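In terms of the working numbering, the sequence shown opens at residue 89 and continues consecutively. We put the CB at the ideal spot given by N, CA and C, even for glycine. Just so we're clear, the structure is a prediction, and the values are computed from it rather than from any experiment. This report refers to the structure that appears directly beneath it.
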Amino acid sequence: MTDATTATTPWLVAGLGNPGPEYAGHRHNAGFMVADLLAERMGGRFKAAGRGARAQVCEGRLGAPGSPEAQRVVLVKPMTYMNLSGGPVASIGGYLKIPLERTVVIHDELDIPFGALRLKRGGGDNGHNGLKSVTGTVGRDYLRVRFGVGRPPGRMEVAAFVLRDFSAAERKELDHLVDRAADAVETLIGSGLERAQNTYNS
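Now the structure itself:
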């Protein structure tokens, strides 16, 4: 792909979660929370993607503070359940011809403490059904913004833990952490993975 083509190709930024108000505050919906804030920053609103994509999309521009120019971005929220997230991501990315190096997935991560972020390219799904679905449809070399939710306490099942609202103590910090994750996405697309990792991998 030429530099000129890359310059005109948008970024695809997909936040993972489960659709419906009953899931809105769950740990598993951290990706949706960050995507919603990014849409707000772009001054846009999510709308149905059409073309049978089973997703909501929001198009606009984002860029890290101090970046010379904002980047074209297509935000995506799959409207399937988590374990079928890959279909909408692949459909929209394929239709717009967006390569994996310009595809970002935002998701909750059990193996990172609550409040921490990790950015990376590629890797395994670590039991995350949304990532398993995305990787199965587009390959594994997309960029990831991993939002730490920590491990379940005691003997609580993982599924019960992620399909539960953040605790009262966690909710006191949540807005700030979602804001920081959105900043990380903007830095990633505006200044590159290495700069974003140096700034936000904690």
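Express the C-alpha separation of L188 and D229 in angstroms, rounding to a whole number. Within the sequence shown, residue 229 is the residue found at index 141, counting from 1. Within the sequence shown, residue 188 is the residue found at index 100, counting from 1. Distance between the alpha carbons of D229 and L188: 6 angstroms.
Do R234 and L205 have their CB atoms nearer than 9 angstroms? Counting from 1 along the sequence shown, the entry for residue 234 is found at position 146. Counting from 1 along the sequence shown, the entry for residue 205 is found at position 117. Cβ distance < 9 angstroms, so R234 and L205 count as in contact.
DSSP state of E291, grouped into three classes? In this structure the chain extends from 89 to 290, so residue 291 is not present and cannot be described.
My guess is that G103 and G113 are in contact by the Cβ rule of under 8 angstroms, so how many angstroms apart are they, rounded? Looking up residue 103 in the sequence shown gives position 15. Looking up residue 113 in the sequence shown gives position 25. Rounded, the Cβ-Cβ distance is 15 angstroms, inconsistent with contact.
For P166, which beta-bridge partners are listed by DSSP? Position 78 of the sequence shown, counted from the first residue, corresponds to residue 166. Beta-bridge pairing links P166 to A143.
Please report how far the alpha carbon of R252 lies from the alpha carbon of G151, in whole angstroms. Numbered from its first residue, the sequence shown carries residue 252 at position 164. Numbered from its first residue, the sequence shown carries residue 151 at position 63. If I take the Cα positions, the gap works out to 32 angstroms.
Would T191 be called buried (16 or more neighbouring beta carbons within 10 Å of its own) or exposed? One-based indexing of the sequence shown puts residue 191 at position 103. Buried: at least 16 other Cβ atoms inside 10 Å.
Just verifying my parser: in three-state terms, what is the DSSP assignment at N106? The sequence position of residue 106 within the sequence shown is 18, counting from 1. Coil at N106, not helix or strand.
Who are the near neighbours of G57 in its chain, counting only those whose CB is closer than 8 angstroms to its CB and skipping five residues on each side? With the chain covering only 89 through 290, there is no way to say anything about residue 57.
In the DSSP assignment, what are the bridge partners of I194? The sequence position of residue 194 within the sequence shown is 106, counting from 1. Partner(s): G103 and V233.
In angstroms with no decimal places, state the Cα-to-Cα distance between G138 and L184. Here residue 138 refers to the residue found at position 50 when the sequence shown is read from its first residue. Here residue 184 refers to the residue found at position 96 when the sequence shown is read from its first residue. When rounded, the distance between both Cα atoms is 13 angstroms.
Contact check, V122 vs Q144, beta carbons under 9 angstroms: The sequence position of residue 122 within the sequence shown is 34, counting from 1. The sequence position of residue 144 within the sequence shown is 56, counting from 1. Contact: no.
If you draw a straight line from the alpha carbon of F254 to that of I194, how long is it in whole angstroms? Translated into positions along the sequence shown, residue 254 becomes position 166. Translated into positions along the sequence shown, residue 194 becomes position 106. Rounded to the nearest angstrom, the two C-alpha atoms are 17 angstroms apart.
Buried versus exposed call for V246 [16 or more other C-beta atoms within 10 Å across all chains shown]: Along the sequence shown, read from residue 1 onward, the residue named residue 246 stands at position 158. So V246 ends up on the exposed side.
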